[in-house]
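*Asks:* Structure in structure tokens, see below.
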Amino acid sequence: MRQPKSWNKFGLPSVVGAVLMTAIPSPAAEDVVGRRQADMKAMAAAAKTISGMFKDPESYKAVEFRLAADTIRDRSGGILSGHFASEDADPQSKARPNIPEERDRFDRIANDLRGYAAALDVAAEQNPGPMPASMRMKPGEAMGGGPLGTHIRNEQELSAMPAEHVFHLMIQTCTTCHARFRME
Ligand code: HEC
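Counted the way mature numbering (1 follows the signal peptide of the UniProt record, and there is no 0) counts, the sequence shown spans residues -28 to -1, 1 to 156.
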């Protein structure tokens, strides 16, 4: 039996179909928001893993530490920036609309995050056994990350720093970006 012309391929009257179409974000936009939120969650879990090993150094396992660092490294920098390339607002998203106007700052923070995560990967690669004291911050070690917490350091400077210090600077990049680019 042929359907009347006003019914579309979903078997819905065209008016209902049109309403659904406008209420649901386009699949592409929804995908990118879902993907970046999933990446953020994966980074949060990885940061928690690393944090746990600094709190309880006995639990340090270089392989797991490295995997966690790589989880962040591989989701930051250009990958992270690329997930926020679309200027379309999406109701599912908590991203602030100022990202396009402040693109450079956003990308710089995303790159800082990558730099810190890469330095943590190297630290774990160089310390395959138990966590040495050199990976820990000394009591009272200054945490300076600059007023915005995103003082850009070069690789050499980062590799000379205890990994725990790098970790704290890395977490500051999460916080700095959220404060400016994520809705409360
Ligand atoms: C360059 C900016 C930037 C950096 C760096 C960044 N985030 Fe985010 N994050 C965002 C934005 C923007 C959102 C909101 C995304 C959305 O809802 O579309 C977000 C969302 C999140 C969420 C919520 C995800 C959800 O399910 O809605 C978590 C968790 C999160 N970030 C954790 C982290 C952690 C942990 C780090 C650091 C390791 C980090 N982020 C680094 C910008 C950033």
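All C-beta atoms in this analysis are idealised placements derived from N, C-alpha and C, irrespective of residue type, glycine included. Everything numeric in this text was worked out from a predicted model, so none of it was measured.
Under 7 Å from any heavy atom of ligand 1, does the C-beta of T43 make it?
*Replies:* The sequence position of residue 43 within the sequence shown is 71, counting from 1. No, the beta carbon of T43 sits no closer than 7 Å to any heavy atom of ligand 1.
*Asks:* State whether the stretch 12 to 21 contacts the stretch 57 to 74, with contact taken as three or more CB pairs (one from each stretch) at a distance under 8 Å.
*Replies:* No, because fewer than three Cβ pairs between the stretch 12 to 21 and the stretch 57 to 74 fall closer than 8 Å, the two stretches do not touch.
*Asks:* Do P134 and M155 have their beta-carbon atoms positioned less than 8 Å apart in this structure?
*Replies:* Numbered from 1 along the sequence shown, position 183 holds the residue referred to as residue 155. Numbered from 1 along the sequence shown, position 162 holds the residue referred to as residue 134. Cβ distance not < 8 Å, so M155 and P134 don't count as in contact.
*Asks:* Is V138 near ligand 1, with its Cβ less than 7 Å from a heavy atom?
*Replies:* Looking up residue 138 in the sequence shown gives position 166. Flag unset: Cβ of V138 not near ligand 1.
*Asks:* For V35, tell me which candidate among R77, P100, F139 and A105 has the shortest Cα-Cα distance.
*Replies:* Counted from its first residue, the sequence shown places residue 35 at position 63. Considering only R77, P100, F139 and A105, the residue with the shortest C-alpha distance to V35 is P100.
*Asks:* So, do the stretch 79 to 95 and the stretch 25 to 44 have three or more beta carbon pairs nearer to each other than 8 Å?
*Replies:* Taking one beta carbon from each stretch, the stretch 79 to 95 and the stretch 25 to 44 have 3 or more pairs nearer than 8 Å; the two touch.
*Asks:* State yes or no: is the C-beta of D62 within less than 8 Å of the C-beta of V5?
*Replies:* Numbered from its first residue, the sequence shown carries residue 62 at position 90. Numbered from its first residue, the sequence shown carries residue 5 at position 33. A contact, by the Cβ cut-off of 8 Å.
*Asks:* Could you check whether M12 and T43 sit closer than 8 Å to each other, using their CB atoms as the reference points?
*Replies:* Position 71 of the sequence shown, counted from the start, is the residue given in the question as residue 43. Position 40 of the sequence shown, counted from the start, is the residue given in the question as residue 12. No. Outside cutoff.
*Asks:* Could you check where the alpha helix (DSSP H) with R86 kicks off and where it finishes?
*Replies:* Against the sequence shown, residue 86 aligns to sequence position 114. Run containing R86: R75 to Q98, per the alpha helix (DSSP H) assignment.
*Asks:* What is the DSSP secondary structure of R108, reduced to helix, strand or coil?
*Replies:* Translated into the one-based positions of the sequence shown, residue 108 becomes position 136. Here R108 sits in coil by DSSP.
*Asks:* Taking 6 Å as the limit, name every residue whose beta carbon sits nearer than that to some heavy atom of ligand 1, in sequence order.
*Replies:* Going along the chain, the residues that qualify are V5, R8, Q9, M12, K13, M15, A16, A19, I44, L52, S65, K66, A67, F78, I81, A82, L85, T145, C146, C149, H150, F153 and R154.
*Asks:* How many Å lie between R80 and P72 at the Cα?
*Replies:* Looking up residue 80 in the sequence shown gives position 108. Looking up residue 72 in the sequence shown gives position 100. R80 and P72: Cα-Cα distance of roughly 13 Å.
*Asks:* Identify, in the order they occur along the chain, each residue of the same chain with its Cβ nearer than 7 Å to the Cβ of A82, setting aside the five sequence neighbours on each side.
*Replies:* One-based indexing of the sequence shown puts residue 82 at position 110. Closer than 7 Å at the Cβ level, and outside the excluded window around A82, lie S48, G49, L52 and S53.
*Asks:* Can F139 and F56 be called in contact, C-beta distance under 8 Å?
*Replies:* As a position in the sequence shown, residue 139 is number 167, starting the count at 1. As a position in the sequence shown, residue 56 is number 84, starting the count at 1. Cβ atoms of F139 and F56: not closer than 8 Å.
*Asks:* To the nearest angstrom, report how far apart G87 and D46 are at their CA atoms.
*Replies:* For the purposes of this step, residue 87 is identified with residue 115 of the sequence shown, where counting begins at 1. For the purposes of this step, residue 46 is identified with residue 74 of the sequence shown, where counting begins at 1. Between the alpha carbons of G87 and D46 lies a gap of roughly 11 Å.
*Asks:* Is the Cβ-Cβ distance between M142 and P29 less than 8 Å?
*Replies:* Looking up residue 142 in the sequence shown gives position 170. Looking up residue 29 in the sequence shown gives position 57. Not closer than 8 Å, so no.
*Asks:* With a threshold of 6 Å on Cβ separation, who are the neighbours of Y32 within its own chain once the five nearest residues in sequence on each side are excluded?
*Replies:* By one-based count along the sequence shown, residue 32 stands at place 60. Within the same chain, Y32 has close Cβ partners M25 and M103.
*Asks:* Mind listing, in chain order, the continuous alpha helix (DSSP H) runs of no fewer than 4 residues lying wholly within the stretch 2 to 58?
*Replies:* Counting only runs of 4 or more, we get 34 to 45 and 49 to 55.
*Asks:* Taking buried to mean at least 16 other C-beta atoms within 10 Å of its own C-beta, is P59 buried or exposed?
*Replies:* Working through the sequence shown from its first residue, we reach residue 59 at position 87. The sequence as given places Glu at residue 59; Pro does not occur at that position. Classification of E59: exposed, given that the 10 Å Cβ count is below 16.
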